[in-house]
Ligand code: GLY
Ligand code: MN
Ligand code: MN
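In the numbering used here, the protein residues as written are 694 to 1048.
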């Protein structure tokens, strides 16, 4: 945490702020190690303080070892104000992308100082993962793949999508995950044309393409994986054509990832392949996104993102083709950007599986 605090303090100097108030749970955890659901970090050049309540004081002492833990008795706001006065803070940064307008008004009313809206100060630091973070994501990916291996036998005609999602979550937890990293997508048959077709009440039928997009939380870090399978009958020529177009787009995009390349250019590689195959209008989302403490982080592999990739960024690569009233295919892996390429964390086969 000391390295992270040091980097943040440098940013505070540059931005001419005396302190930063951190309430975003992922940022709070990143900067302090504290995993509780309530607490504020107040970080100055000299001090790192975590204000929390009785429920979390003991936990905070164990987790946020680099912080002074203060338990508020009255209100969090009152305690923060007291600290602001003690620390003689005149310019205080707050997380504009996280705090509500109502909360901002409370700060304005209570604190006698200049409030400065900050955007992405901590998220910027989180873009490059440390080795310890990559290790946790790798573990999350491994648990996810083990669960996927086991779920295949349940993908049979007559089984309801929701049941698959429930079983997957059970398997992930049994294998050591804390929970799921997002609401699982289990989209079968024509529903697989819905890029975010959250598992519903549809029965899986013979011949269906089934897109399964899921992931877990392991020590705070997310995994995110998609495989599309065909159930019992098939695949048809069209299913194969669509599937292998998506796979080629993914594989070529993976080859295009390395430090120094623009995120948008990687998206373009996959998009060109899908467009040349005649499906350009049916790949309507970005190619991928960063993953870490949150499921969707910056930067994105998107035409709108000009970020130059750096070693240590962890990204999904997930092209798809979605044909209304027919079905769809998506394939998603997680990679770590390296100087001269990328390391794909997924090991699971990407050949079209008939379960
Ligand atoms: N589950 C949403 C995604 O893959 O980004
Ligand atoms: Mn996904
Ligand atoms: Mn994803």
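Think of the CB as a built atom: it goes at the ideal place given N, C-alpha and C, for glycine as much as any other residue.
Query: Residue 842 burial status per 10 Å Cβ neighbour count (16 or more: buried); Result: exposed
Query: Three-state secondary structure (DSSP) of residue 947; Result: helix
Query: Beta-carbon spacing of residue 837, residue 915 below 7 Å; Result: no
Query: Proximity to residue 938 [Cα-Cα], best of 774, 850 and 972; Result: 972
Query: Buried versus exposed, by CB contacts within 10 Å (16 or more), residue 944; Result: buried
Query: Strand pairing of residue 911, partner residues [DSSP]; Result: 914
Query: Per DSSP, cross-strand counterpart(s) of residue 993; Result: 982
Query: CB-CB length for residue 816 against residue 992, believed under 8 Å; Result: Residue 816 to residue 992, Cβ: 10 Å. No contact.
Query: Check: residue 901 C-beta below 6 Å from any heavy atom of ligand 1; Result: no
Query: Sequence-distant residues of its chain with Cβ nearer than 7 Å to residue 757 (five each side left out); Result: 725, 726, 727 and 743
Query: Completely contained beta strand (DSSP E) runs for the region 818-848, where each covers 3 or more residues; Result: none
Query: Spatially closest choice to residue 871 from 1022, 830 and 1029, by CA coordinates; Result: 830
Query: Any non-hydrogen atom of ligand 1 within 6 Å of residue 998 CB; Result: no
Query: Bridge partner(s) assigned by DSSP for residue 733; Result: 744
Query: Residue 877 Cβ short of 6 Å to ligand 1 heavy atom set; Result: no
Query: Residue 917: CB within 6 Å of a non-hydrogen atom of ligand 1; Result: yes
Query: Span of the alpha helix (DSSP H) around residue 856; Result: 854-867
Query: Residue(s) in a DSSP beta bridge with residue 801; Result: In DSSP, residue 801 forms no bridge with anything.
Query: Proximity below 7 Å, CB of residue 994 to CB of residue 970; Result: no
Query: Close-in-space but distant-in-sequence residues of the same chain around residue 1034 (CB under 6 Å, 5 per side omitted); Result: 951
Query: Identified DSSP bridge partners for residue 1015; Result: 1021
Query: Residue(s) in a DSSP beta bridge with residue 885; Result: Per DSSP, none; premise fails for residue 885.
Query: Contact test: residue 1018 Cβ vs ligand 2 heavy atom, cutoff 6 Å; Result: no
Query: Test item: CB-CB of residue 940 and residue 1043 under 7 Å; Result: yes
Query: Sufficient close CB pairs (3 or more, under 8 Å) joining the region 767-774 to the region 791-808; Result: yes
Query: Span separating the alpha-carbon of residue 923 from that of residue 862; Result: 21 Å
Query: Cβ-heavy atom distance, residue 1025 to ligand 2, below 6 Å; Result: yes
Query: CB contact flag (residue 879, residue 844, <7 Å); Result: no
Query: Three-state secondary structure assigned by DSSP to residue 968; Result: helix
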